[in-house]
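Residue numbers (the working numbering): 35 to 387. The beta carbon of each residue, even a glycine, is placed where N, CA and C say it ideally should be. Scroll down for the structure; my scribbles are underneath it.
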Ligand SMILES: Nc1ncnc2c1ncn2[C@@H]1O[C@H](COP(=O)(O)OP(=O)(O)O)[C@@H](O)[C@H]1O
Ligand SMILES: [Mg+2]
């Protein structure tokens, strides 16, 4: 199972606790400000090496403590893999499988996770960066080698941008273009395929959750009717004027269409949340199918912005894909699940069964 055991020390208001999780559904409940979201944030940190609330060390280390330490274990195919992160004066230290790691991506490989929280609607309502990250999360897990392709793309983009800043002539810029186009086309092809596959699984999900169709429309980061070579040539003057490369996969996006209209323009926050949840569930299912093991889904306060029928449908869809779920709620509300969850109560900075 994704996360079998967790030990947490000095993270946010959480002083110290140790828990064994259920492989299916877990519910963390407690009063306002008891520390429910902090528990999910700690688990998210263990899988990503960063806070999903965008918080830095100063906010994450428990007031008065020097560092926080998170240790977990992941069970798969009869083996247990330990994971650990520590962050304090010495900065982030990551251990995976008993080895010291120099990149947080080792965590993501062992503990793939997705998050549905009250800000999930930002996936449709927010800027393109969140949607690129969403597609790239899938790519990282389902396309072997995507991480190195993406790293190469970033390097070539940086070099091209440096040449632009040095005021190189359009002809001199062309020396970067061949490599830029080659690696961009690799990114483009992978993202394009992912959007196609996600679209096919969105059909059924959208029908269940919203009773209306949802579709993703892929935007490569340059005008779709042009090749990247043509688009780069057409944008060179603008690149030189603005001091950076204006077209390419770093400008890619997806339009989220709900009933064939842009979901970003939907007036209801609840609908935006359901559309975004459909995307997250579809992505989770796609990665699980590829990895042939369940993914962890953190669900913070699912009832926020939703009526009781929508929450019930959302939880049915989540349970249906068979991922490991760790959800939070104000009260012990096992009735939102179809099978009884393992329950934990947060109080006084600790988690107790
Ligand atoms: N670094 C920290 N040290 C101690 N307490 C903190 C720290 N960061 C946040 N808190 C407190 O933790 C409490 C729990 O927050 P949170 O997990 O968001 O609660 P919940 O989700 O249960 O409503 C809040 O009262 C907050 O002020
Ligand atoms: Mg909360």
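For the region 54 to 113, the full-length alpha helix (DSSP H) segments reaching 4 residues or more read 70 to 82, 91 to 94 along the chain. Fewer than three beta-carbon pairs drawn from the region 152 to 160 and the region 198 to 211 are found closer than 8 Å, and the two stretches are therefore not classed as touching. It is roughly 19 Å from the alpha-carbon of residue 171 to the alpha-carbon of residue 76. Relative to the non-hydrogen atoms of ligand 1, the Cβ of residue 72 comes within a distance shorter than 6 Å of at least one. In this structure, the beta-carbon distance from residue 144 to residue 126 does not fall below 7 Å. Scanning its chain for C-beta atoms nearer than 8 Å, with the 5 sequence neighbours on each side dropped, one finds around residue 210 the residues 190, 193, 194, 197, in chain order.
The residues 70, 362, 363, 364, 365, 366, 367, 377, 378, 379, 380, in chain order, have a CB closer than 8 Å to that of residue 63 in the same chain once the five nearest residues on each side in sequence are set aside. If you draw a straight line from the Cα of residue 99 to the Cα of residue 38, it is about 26 Å long. In the displayed model, residue 341 falls within coil according to three-state DSSP, outside both helix and strand. Rounded to whole angstroms, residue 109 and residue 36 show a C-alpha spacing of 6 Å. Shown here, residue 121 sits in a strand according to DSSP, grouped into three states. Rounded to the nearest whole angstrom, the C-alpha separation of residue 383 and residue 162 is 36 Å.
Look at residue 47 here: in three-state DSSP terms it is coil, with no helix or strand label.
In this structure, the beta-carbon distance from residue 289 to residue 251 falls below 7 Å. Bridge partners of residue 295 according to DSSP: 292. Residue 175 carries a helical assignment under DSSP once its states are collapsed to helix, strand and coil. Bounds of the beta strand (DSSP E) holding residue 250 are 248 to 253. One Cα belongs to residue 201, the other to residue 276, and the distance between them is close to 11 Å. Annotation for residue 42: 48, 51, 76, 104 place their beta carbon closer than 6 Å to its own, counting only its chain and skipping 5 residues before and after.
DSSP, read as helix, strand or coil, puts residue 209 in helix. Taking residue 81 as reference, the option from 371, 329, 351, 54 with the minimal CA-CA separation is 329. Between residue 292 and residue 309, the C-beta gap is smaller than 7 Å, which places the two residues in contact.
Shortest Cα-Cα distance from residue 333 to any of 318, 320, 360, 327 involves 360. With a threshold of 16 other beta carbon atoms within 10 Å, residue 273 meets it and is buried. Burial is judged here by how many other beta carbons sit within 10 angstroms of a residue's own beta carbon; residue 178 has fewer than 16 and is exposed. In the DSSP assignment, residue 261 falls outside any alpha helix (DSSP H), carrying neither H nor E.
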